[in-house]
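Residue numbers for the sequence shown follow the working numbering, so the first one is -5 and each next one is one higher.
Glycine included, each C-beta is placed from N, C-alpha and C at the ideal position.
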Amino acid sequence: MPDVPAYLSVAQWAAGAGHLVDGLSFHPGYGLLLGPAAAVVDGDGSMLHTAALLANALTAGAVVLIAVRLAVLLRPTASSAAVGLTAAVGAMAALHPSVSAASRIAWPETLLTATVLGIGLCLAAAAPSSERSTPRRAAALLAVAAAAAALSVSLHPRAVVLVPALCAAAATARWVRKAWPSLLLGLSAGG
-5 MPDVPAYLSV AQWAAGAGHL VDGLSFHPGY GLLLGPAAAV VDGDGSMLHT AALLANALTA
55 GAVVLIAVRL AVLLRPTASS AAVGLTAAVG AMAALHPSVS AASRIAWPET LLTATVLGIG
115 LCLAAAAPSS ERSTPRRAAA LLAVAAAAAA LSVSLHPRAV VLVPALCAAA ATARWVRKAW
175 PSLLLGLSAG G
């Protein structure tokens, strides 16, 4: 798979232990995130690959936790049916190919899944229906969501849809419309 050597070469280059692949056709964000791991292993390709797989495994675990937390925030009640639904969401997150299969390859798909769910979690926690939502907290969460959406494009070109989707949500949800300054701040910080 040509993606993996390209991502790892970016990490090695970031650590000063390698050269960039000529004509890099992959977004460098994932490789740059692996840069510190490449520095720790002195650019050793095999050890760096293992570190990337470990990072993806940890991210896959985080995906399950984020999905469950999102389900808890979005469920209307704490009934036994809602608890069952929350458990089902966790199982689906764990078994979905973007987590179960993609996390076994040193590429950014698992991190992209975590980013999308994290943005959703920020939006759900910022909504006025969230029990701990305050205007200040909502503004901060929206700024984080916007920065994550903007930065996610460095991981994968498919992430380009996140910024317009977030802006569409801001244009249609009355409570988000009041927070345009926070969204713009986050987009500026991330982009």
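As assigned by DSSP and simplified to three states, the class of residue i
i, result
"residue 125", "coil"
"residue 22", "coil"
"residue 148", "coil"
"residue 60", "helix"
"residue 112", "helix"
"residue 101", "coil"
"residue -4", "coil"
"residue 47", "helix"
"residue 131", "helix"
"residue 89", "helix"
"residue 39", "helix"
"residue 15", "coil"
Option nearest residue i by Cα separation, candidates the options
i, options, result
"residue 8", "37, 57, -1", "37"
"residue 168", "109, 50, 132", "132"
"residue 125", "34, 69, 143, 84", "69"
"residue 28", "19, -1, 111, 17", "-1"
"residue -4", "108, 5, 15", "15"
"residue 109", "120, 148, 165, 79", "148"
"residue 174", "123, 34, 136, 112", "136"
"residue 26", "146, 95, 120", "146"
"residue 96", "54, 158, 120", "54"
"residue 114", "159, 151, 128, 82", "159"
"residue 150", "51, 93, 79, 105", "105"
"residue 21", "35, 32, 1", "1"
7 Å Cβ cutoff, residue i in contact with chain D
i, result
"residue 67", "Considering every chain present, this structure includes no chain D. It has just one protein chain."
*Are there three or more Cβ pairs, one per stretch, closer than 8 Å when the segment 1 to 16 is compared with the segment 48 to 67?*
Between the segment 1 to 16 and the segment 48 to 67 there are fewer than three inter-stretch CB-CB distances shorter than 8 Å, so the stretches are not counted as touching.
_Is it the case that the segment 48 to 66 contacts the segment 78 to 95, given that we only count it when at least three CB pairs across the two stretches are under 8 Å?_
Output reads yes: the segment 48 to 66 touches the segment 78 to 95.
_Meets three-Cβ-pair contact criterion under 8 Å: the segment 98 to 108 and the segment 43 to 58_ = In short, these stretches touch, since the Cβ pair count reaches three.
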